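Here's the structure we're looking at; comments come further down.
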Amino acid sequence: MSISAKNEILEAEIRTVRFEGEMLFIELSDERLLGLPFRRIKWLDWLAQATPQQRLRWTIEPHGYAVWWDELDDGFELVHALSPQELPHKTGQELSQPHWVAA
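Numbering of the sequence shown is given in the numbering used here, commencing with residue 6 and proceeding in unit increments.
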């Protein structure tokens, strides 16, 4: 998948997904590791409400462009997780951005 970010074209695909505590980690084909505090991001509210067992049953869409939870009938595309826009907290009092973690 080609993703445009700050006038650069980045080639990246989702390779794997894992949860650690309150964080959703997405490992990319270019060795980046994206960490999202899924309970604090409004557009991931459906994932925060899922059971730990439901969160573990995900699939990566062809060519790594998205992650899908069939049982939850929801998912998201990598381009949304990489979006530089601020992500509002559920409380609306603060803003949260994806947390980049060095691989």
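For every residue, glycine included, the Cβ atom is placed at its ideal position computed from N, Cα and C. This structure is a prediction, so every number in the text was calculated from the model and none was measured.
Below 7 Å CB to CB, which residues in the same chain sit around residue i once its five sequence neighbours on both sides are set aside?
i, result
"E25", "none"
"T64", "W73 and D75"
"T21", "E32"
DSSP beta-bridge partners for residue i?
i, result
"T21", "E32"
"E66", "The partner list for E66 (beta bridge, DSSP) is empty, contrary to what the question assumes."
Would you identify the three-state DSSP class for residue i, choosing helix, strand or coil?
i, result
"E99", "Its pLDDT being 43, under 50, E99 is placed unreliably in this model, and the value from its coordinates should be taken loosely. Correct three-state label for E99: coil."
"D78", "coil"
Does the beta-carbon distance from residue i to residue j come in below 8 Å?
i, j, result
"A71", "L87", "no"
"L29", "L41", "yes"
Go to residue i, then tell me how far its beta strand (DSSP E) extends in each direction, as first and last residue.
i, result
"L39", "L38 to L41"
To which residues of the same chain is residue i closer than 6 Å at the C-beta, ignoring the five residues directly before and after it?
i, result
"A55", "L77"
"R62", "E76"
"L49", "F43"
"R23", "F30"
How far does the alpha helix (DSSP H) with residue i in it extend, from its first residue to its last?
i, result
"Q58", "P57 to R60"
"W51", "D50 to A53"
Using a Cβ-Cβ cut-off of 8 Å (strictly less than) and excluding sequence neighbours within five positions of residue i, which residues of its own chain qualify?
i, result
"L52", "L29, F43, R60, W74, L77 and D79"
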